[in-house]
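Terminal number for the sequence shown in our numbering: 174, no gaps in between. Note that beta-carbon positions come from the ideal geometry of N, C-alpha and C, so glycine has one too. Please read all numbers here as calculations on a predicted model, not as lab measurements.
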Amino acid sequence: MAARGSRNPQRTRTDAERARLYAARSAWNAKNIRRRRRDTIVATVIGSLIVAGAVASQAVHAQMTAPEPAPTQTSTPAPTPSPEPSESADPDETPAPAPTQTPGE
């Protein structure tokens, strides 16, 4: 029984070391999760500001550089009379194409 009693303090130290390492890993993981969440929020806000700035810049640029064209008076040409159809070409009198012979016949 004496041997059994000597292992108990060693086991207690090992268990305490395991618990300490587990707590350290848990704290480190929680810290990393908070940091990643913070980084994601910061990146989203900055990205949104960049996109909003680009849209606003384009809107201002379009308003400043696109002057309205001044209306100018143009003269309208007089309509030209269309030519009368000639009576010599009757659509019913057009010759039909001659049939061609195919190589296999």
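Determine the DSSP secondary structure at residue i, reduced to helix, strand or coil.
i    : result
T145 : coil
P78  : helix
A135 : coil
T169 : coil
S126 : helix
S117 : helix
S151 : coil
Residues in its own chain within less than 8 Å of residue i by CB, not counting five upstream and five downstream?
i    : result
P148 : none
R107 : none
R93  : The question names Arg, yet the displayed sequence has Ala at residue 93. Once the five neighbours on either side are set aside, A93 has no close Cβ partner at all.
Quick one: is residue i buried, meaning 16 or more other Cβ sit within 10 Å of its Cβ, or exposed?
i    : result
T134 : exposed
Near residue i, which residues of its chain fall below 6 Å by C-beta distance, leaving aside the five closest residues on each side in sequence?
i    : result
P146 : none
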